[in-house]
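Here it is as structure tokens:
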């Protein structure tokens with residue numbers, strides 16, 4: 087499991103046109119991250135929540151402490167899948183993650199979780215305890231394309247997420263032909279993450295006329311979209 091460290095995170099809702107503008111600007115000055123290999127990549131997340139949607143309601147209510155669990159893979163590569171716990175504490179947050187095998191996730195999706203309690207990994211054990219005590223259930227799949235840029239000062243990372251889609255068939259996580267619903271097809275999400283300070287050059291690069299700060303996570307947006315559909 088990765089070590090815990092706190093990061094600042096700003097999110098903005100932007101249009102496709104603004105994303106294209108930022109893409110053209112950022113690629114001239116910043117390298118793309120290791121996942122990109124010079125292009126965008128696909129992220130697929132499977133989110134878990136309690137029977138009464140505690141994580142969703144905590145987000146909507148703006149609770150100062152929030153946590154949620156998800157399973158994530160890149161470009162539908164099931165040889166590298168992560169179990170992640172995201173925690174938000176007031177204005178900062180951190181993420182813990184650990185590798186999880188495909189066969190283990192298949193068991194979880196079938197409701198077989200007892201094997202997790204015998205794992206040496208502390209995050210997998212915590213996930214087991216939360217599934218037992220809080221009745222965590224797979225709720226939704228969120229899939230999107232990401233462009234990611236890095237800047238060493240401030241350990242800064244800028245991501246442009248678009249083509250954000252969702253599926254309410256979480257047990258079909260490994261189905262690459264699964265049908266998805268588009269969440270606001272003309273909208274994108276700009277995220278800026280950094281440790282202790284945001285470099286001035288990054289402020290200048292991401293400055294555009296049209297940015298709207300947003301507190302909604304992709305998980306919350308997807309759940310609300312499907313609940314209101």
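Residue numbers (my numbering): 87 to 315. For glycine and all other residues, C-beta sits at the position ideal for the given N, C-alpha and C.
For a quick check, are the C-beta atoms of residue 178 and residue 94 less than 7 Å apart? Going by C-beta atoms, residue 178 is nearer than 7 Å to residue 94.
For the alpha helix (DSSP H) containing residue 102, list its first residue and its last residue. Note, residue 102: alpha helix (DSSP H), 102-115.
When the Cα atoms are used, what is the spatial distance from residue 91 to residue 180? Residue 91 and residue 180: Cα-Cα distance of roughly 6 Å.
Measure the CB-CB distance between residue 232 and residue 245 and report whether it falls below 7 Å. Yes. Within cutoff.
State buried or exposed for residue 234, treating a residue as buried only when at least 16 other CB atoms are found within 10 Å of its CB. When all chains shown are included, residue 234 counts as buried.
With DSSP as the reference, label residue 260 as helix, strand or coil. Judged by DSSP in its simplified three-state form, residue 260 adopts coil rather than helix or strand.
So the alpha helix (DSSP H) residue 312 belongs to, where does it begin and stop? That run of the alpha helix (DSSP H) goes 304-314.
In three-state DSSP terms, what is residue 239? Three-state DSSP puts residue 239 in a helix.
With a Cβ-Cβ cutoff of 7 Å, do residue 169 and residue 309 count as a contact? Taking 7 Å as the Cβ cut-off, residue 169 and residue 309 do not qualify as a contacting pair.
Where residue 134 falls, given that 16 or more other Cβ within 10 Å makes a residue buried: With 16 or more other Cβ atoms within 10 Å, it is buried.
Where residue 102 and residue 123 are concerned, what is the direct C-alpha to C-alpha distance, given to the nearest angstrom? Near 22 Å, if we compare the C-alpha coordinates of residue 123 and residue 102.
Is the separation between the beta-carbon of residue 162 and that of residue 127 shorter than 7 Å? No, these two residues do not count as a Cβ contact at 7 Å.
Alpha carbon to alpha carbon, what distance is there between residue 110 and residue 279? Approximately 20 Å between the Cα atoms of the pair.
Kindly indicate which residue of 260, 204 and 208 has the alpha-carbon position closest to the one of residue 228. Measuring from the Cα of residue 228, the nearest candidate turns out to be 260.
Rounded to the nearest angstrom, how far is the Cβ of residue 276 from that of residue 100, given a contact under 8 Å? Your pair residue 276 and residue 100 checks out as a contact, with CB atoms roughly 5 Å apart and the cut at 8 Å.
Residues that residue 152 bridges to, as DSSP identifies them: 174, per the DSSP bridge assignment.
Between which two residues does the beta strand (DSSP E) containing residue 273 stretch? Here the beta strand (DSSP E) through residue 273 covers 273-280.
Assign residue 271 to buried or exposed, taking buried as 16 or more other Cβ atoms, counted over all protein chains shown, within 10 Å of its Cβ. Burial call: exposed.
Going by the CB atoms, is the gap between residue 221 and residue 137 shorter than 7 Å? Going by C-beta atoms, residue 137 is nearer than 7 Å to residue 221.
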